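Visitor: Structure below; questions to follow.
Protein chains in written order, with the working numbering: chain A, 1 to 355; chain B, 1001 to 1355.
Okay, here's the thing in structure tokens:
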């Protein structure tokens, strides 16, 4: 395998010097790309795609070719973890994820196994990581990922997506010990899963806490952050002679940036509700920042997108530790040429801040 | 009409002394109550209910009887304003609101009239306000309300609820002058509408900025807050010899509390993502605070609900200026006895902080 040719992303994660600000985006391998939709159709559906290492690699590399992204992110789904723990997962056409057997009581949670051998339990993901590394051939680093324990728990208890999160909140309020047992099993499983991804070639990992923001401050700490901290503490932070940066991203968690930075992660993911200069002043002396353009900015025309990129770069200003990204995933109805214009603007406009 | 017998809510809004913390909750007249569902069925649907002053009064008073709420809030919908501006509004069974003719371009916005005579344009709401005041007969104060201009604009441009807000964001980014024209018309219309409610008997008013939280800091200021400030500046703040408090509530806006307090409102509504002691330290010297229990706490058992009420009261501590409420509306599947237990807990547990 060739040595890494573009390590801007890894250097920025560790607040080292870079020649320009690296950029990737959440869901960059996704439905807004016709190339992705073609591969998914060929695979015969979303879960089949997730289970094919070769096709996972194909879609993971598409945005590297199309957007010139500075990092690749493993194509998979956060819910393969509960599936590997024995839950029955499906995706209806045009629908969200469904578990036919959601967790309803302590006995359901007690029955769940803890994953400890990802090569066996989630071998197809490990194979995908290795295949992507082979196919990337050193072009850019590969990011592995997982959902946070709390975020996974919401799907496992609700049985799918939710509007009010009534079931998972009821379990959390009425049976906190059951919820803690579930989260603890998930934290151990996810730590093993991420360490497996790192062992197979992931050069950075991101924990997606998509639903931490629905909690109060104290519930966030007790039911989401503490378990992410447990994961961070169990990760192998070095591989192939380099540090493996850990990125923590809680959508709607901008009130808790200091606590997130205190977990020992290397990078804090920002949503778009906070100005990046404000976030930098709060935690920029300890961690790198990833973000934070409003994903709906990609509905704007390219010149407006460029103006927004310039504004965010100017707010961050000089100094190290910025990975440009959206504040949340790109949405399916964005024109690909807008995404291309976004990446180009970051590459061109960021040079002046790193001279 | 009898003089006001319970003015705890109005006094708390103005940070005056109270004997206990007043409590009401958003959507307290709503689907979780079988009494409400019976009245709605009798009316023949949601919009018919909104248009009948007598039945509006009936559902508005239900939570005063059932929960002993310390304030009543006008039963209506925020979208009656765009409907009165000429847009075609409907609610399918079990569905959200729909406009058959969403705004797509500058010409659509230019055609919209500005409301300036609510007695004529929204006479049924004015009649509802007067009828409710008659039926309340001085038991508790009546709160009037509106959606914020930005929140109304999201529905008018999207044609209903939305997940990604792609259309309204595209208009905001690509045609900011069109969006400002729309928001300005809405601000003027809403100010006239609220002044009409006050003239007909509303003793406080709340502006619901349900969707301000999807914006960046700078877009929030330019496209939501500035127009709420315009409304606040145009309101008649005194009626029947008392000050009419203005409550501003932006869900997801806890990063901007200082700016919200600076609008000149009397009360800032909190969602549940912030600890109320933190909010009090930030803006409690200028405004009263309304909130902020997680609405899903009502899925918990009554003793857990009481523990949460005690925690929030203790965080606020001694001192004036707290109106207890949820951080967002009550959800339809909450057992009414949990809501009753919530109100009872606030009444009983808050006395000690006001001795």
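Virtual Cβ for every residue (Gly too), placed ideally from N, Cα, C.
Here the structure is a predicted model, which means the values were calculated and not measured.
For residue 1222/B, which residues does DSSP report across the bridge?
Guide: By one-based count along the second chain, residue 1222/B stands at place 222. DSSP lists no partner for residue 1222/B.
Visitor: Three or more C-beta pairs closer than 8 Å, one from the region 1214 to 1221 of chain B and one from the region 1181 to 1192 of chain B: is that the case here?
Guide: Output reads no: the region 1181 to 1192 of chain B does not touch the region 1214 to 1221 of chain B.
Visitor: Got a sec: which bits of the region 1165 to 1191 of chain B sit with their beta carbon under 7 Å from any beta carbon on chain A, in order along the chain?
Guide: Listed by position, the residues of the region 1165 to 1191 of chain B near chain A (Cβ gap below 7 Å) are 1165, 1166, 1169, 1170, 1173 and 1174.
Visitor: Report whether the distance from the Cβ of residue 1065/B to the nearest heavy atom of the ligand MG is below 7 Å.
Guide: The ligand MG is absent from the structure shown, which contains no ligand whatsoever.
Visitor: Return the bridge partner residues of residue 206/A from the DSSP annotation.
Guide: For the purposes of this step, residue 206/A is taken as the residue at position 206 of the first chain. 145/A and 247/A.
Visitor: Within a Cβ cutoff of 7 Å, which residues of the same chain sit near residue 265/A, ignoring the five residues on either side of it in sequence?
Guide: In the first chain, the residue the question calls residue 265/A occupies position 265. Within the same chain, residue 265/A has close Cβ partners 232, 246, 247, 248 and 287.
Visitor: Compare the C-alpha of residue 162/A against each of 131/A, 93/A and 211/A and name the closest.
Guide: Indexing the first chain from 1 puts residue 162/A at position 162. Among 131/A, 93/A and 211/A, the Cα nearest to that of residue 162/A belongs to 211/A.
Visitor: Alpha carbon to alpha carbon, how far is residue 1038/B from residue 1333/B? Give it in angstroms, no decimals.
Guide: As a first step, residue 1333/B must be located in the second chain, where it is residue number 333. As a first step, residue 1038/B must be located in the second chain, where it is residue number 38. Each residue's Cα considered, the two are about 16 Å apart.
Visitor: Per the contact definition of three or more C-beta pairs closer than 8 Å, is the region 44 to 64 of chain A in contact with the region 144 to 154 of chain A?
Guide: With a cut-off of 8 Å, the region 44 to 64 of chain A and the region 144 to 154 of chain A do not count as touching, because too few Cβ pairs lie within range.
Visitor: DSSP three-state call for residue 1090/B: helix, strand or coil?
Guide: Counting from one through the second chain, the residue named residue 1090/B turns up at place 90. Looking at residue 1090/B - three-state DSSP - the assignment turns out to be strand.
Visitor: Identify, in the order they occur along the chain, each residue of the same chain with its Cβ nearer than 7 Å to the Cβ of residue 113/A, setting aside the five sequence neighbours on each side.
Guide: By 1-based counting over the first chain, the position of residue 113/A is 113. Counting only Cβ-Cβ distances below 7 Å, and skipping sequence neighbours, we find 85 and 86.
Visitor: Which same chain residues end up closer than 6 Å to residue 202/A when comparing Cβ atoms and leaving out the 5 residues on each side of it in sequence?
Guide: Looking up residue 202/A in the first chain gives position 202. For residue 202/A, where only same-chain residues beyond five positions count, the Cβ hits under 6 Å are 129, 142 and 144.
Visitor: How would you list, in chain order, the residues of chain A whose beta-carbon sits under 7 Å from the beta-carbon of residue 1304/B?
Guide: Here residue 1304/B refers to the residue found at position 304 when the second chain is read from its first residue. Correct list: 173 and 174.
Visitor: Whose C-beta lies closer than 7 Å to the C-beta of residue 189/A among residues of the same chain, with five residues either side of it excluded?
Guide: In the first chain, the residue the question calls residue 189/A occupies position 189. So the qualifying residues of the chain are 81, 85, 114 and 115.
Visitor: Pull up the CB-CB distance for residue 1222/B and residue 1140/B, whole angstroms please, since I reckon it's below 8 Å.
Guide: Position 222 of the second chain, counted from the first residue, corresponds to residue 1222/B. Position 140 of the second chain, counted from the first residue, corresponds to residue 1140/B. About 37 Å; that fails the 8 Å criterion.
Visitor: Three-state secondary structure (DSSP) at residue 185/A?
Guide: Position 185 of the first chain, counted from the start, is the residue given in the question as residue 185/A. The answer is helix: DSSP assigns residue 185/A an H, G or I state.
Visitor: Nearest to residue 1324/B by CA position, among 1279/B, 1096/B, 1346/B and 1336/B, is which residue?
Guide: One-based indexing of the second chain puts residue 1324/B at position 324. Here the closest residue by C-alpha is 1346/B.
Visitor: Residues of chain A with CB under 9 Å from residue 1274/B, in chain order?
Guide: Within the second chain, residue 1274/B is the residue found at index 274, counting from 1. 216, 217 and 255, listed in chain order.
Visitor: What separation, rounded to the nearest whole angstrom, lies between the Cα atoms of residue 1187/B and residue 1234/B?
Guide: In the second chain, the residue the question calls residue 1187/B occupies position 187. In the second chain, the residue the question calls residue 1234/B occupies position 234. Each residue's alpha carbon lies about 9 Å from the other.
Visitor: Closer than 7 Å by C-beta to residue 167/A: which residues in its own chain qualify, once you throw out the five before and the five after it? Chain order, please.
Guide: Your numbering for residue 167/A matches position 167 in the first chain. Hits under 7 Å: 157 and 158.
Visitor: Applying a beta-carbon distance threshold of less than 7 Å, which residues of chain B neighbour residue 296/A?
Guide: Taking the first residue of the first chain as position 1, residue 296/A is located at position 296. Under the 7 Å cutoff, chain B gives 1164, 1165, 1166 and 1169.
Visitor: For residue 1010/B and residue 1244/B, I'd like the C-alpha separation in whole angstroms.
Guide: As a first step, residue 1010/B must be located in the second chain, where it is residue number 10. As a first step, residue 1244/B must be located in the second chain, where it is residue number 244. Those two C-alpha atoms are separated by around 8 Å.
Visitor: Between 18/A, 107/A, 41/A and 78/A, which has its C-alpha nearest residue 98/A's C-alpha?
Guide: Counting from 1 along the first chain, the entry for residue 98/A is found at position 98. Checking every option, the nearest Cα to that of residue 98/A belongs to 78/A.
Visitor: Can you tell me which of the three DSSP states residue 1328/B falls into?
Guide: Position 328 of the second chain, counting from 1, holds the residue named residue 1328/B. Coil.
Visitor: For residue 160/A and residue 1108/B, what's the separation of their Cα atoms in angstroms?
Guide: Taking the first chain and counting its residues from 1, the one referred to as residue 160/A is at position 160. Taking the second chain and counting its residues from 1, the one referred to as residue 1108/B is at position 108. Each residue's Cα considered, the two are about 39 Å apart.
Visitor: If contact is defined by three or more beta carbon pairs under 8 Å, each pair taking one atom from either stretch, is the region 1261 to 1279 of chain B in contact with the region 1287 to 1306 of chain B?
Guide: These segments touch.
Visitor: With a cut-off of 8 Å, does the C-beta of residue 1359/B fall near any C-beta of chain A?
Guide: Because chain B here runs from 1001 to 1355, residue 1359/B falls outside it and cannot be looked at.
Visitor: Which residues in the same chain have their Cβ closer than 8 Å to the Cβ of residue 1076/B, if we skip the five residues on either side of it in sequence?
Guide: Start at 1 with the first residue of the second chain, and residue 1076/B comes out as number 76. Taken in chain order, the residues that qualify are 1050, 1056, 1125, 1128 and 1145.
Visitor: Which value, in whole angstroms, describes the spacing of the CA atoms of residue 1178/B and residue 1171/B?
Guide: For the purposes of this step, residue 1178/B is identified with residue 178 of the second chain, where counting begins at 1. For the purposes of this step, residue 1171/B is identified with residue 171 of the second chain, where counting begins at 1. Near 7 Å, if we compare the C-alpha coordinates of residue 1171/B and residue 1178/B.
Visitor: Taking just the CA atoms, how far does residue 1083/B sit from residue 1319/B?
Guide: Position 319 of the second chain, counting from 1, holds the residue named residue 1319/B. Position 83 of the second chain, counting from 1, holds the residue named residue 1083/B. One C-alpha to the other measures close to 42 Å.
Visitor: Grab the span of the beta strand (DSSP E) containing residue 290/A for me, first residue to last.
Guide: Locating residue 290/A in the first chain gives position 290, counting from the first residue. Counting along the chain, the beta strand (DSSP E) containing residue 290/A begins and ends at 288 to 293.
Visitor: Roughly how many angstroms lie between the CA atoms of residue 1327/B and residue 1355/B, to the nearest whole one?
Guide: Here residue 1327/B refers to the residue found at position 327 of the second chain. Here residue 1355/B refers to the residue found at position 355 of the second chain. Each residue's alpha carbon lies about 26 Å from the other.
Visitor: At a Cβ threshold of 8 Å, is residue 119/A touching chain B?
Guide: Here residue 119/A is taken as the residue at index 119 of the first chain, counted from 1. Not one chain B Cβ lies under 8 Å of residue 119/A.
Visitor: Let me check understanding here. Comparing Cα to Cα, which of 35/A, 90/A, 52/A and 88/A lies closest to residue 63/A?
Guide: By one-based count along the first chain, residue 63/A stands at place 63. Comparing Cα-Cα distances from residue 63/A to each of 35/A, 90/A, 52/A and 88/A, the minimum goes to 35/A.
Visitor: Could you check the C-alpha separation between residue 24/A and residue 93/A for me, to the nearest Å?
Guide: For the purposes of this step, residue 24/A is taken as residue 24 along the first chain, with counting starting at 1. For the purposes of this step, residue 93/A is taken as residue 93 along the first chain, with counting starting at 1. When rounded, the distance between both Cα atoms is 28 Å.
Visitor: CA-CA distance, residue 1272/B and residue 54/A?
Guide: Residue mapping note: residue 1272/B aligns to position 272 of the second chain, counting from 1. Residue mapping note: residue 54/A aligns to position 54 of the first chain, counting from 1. Computed Cα separation, rounded: 45 Å.
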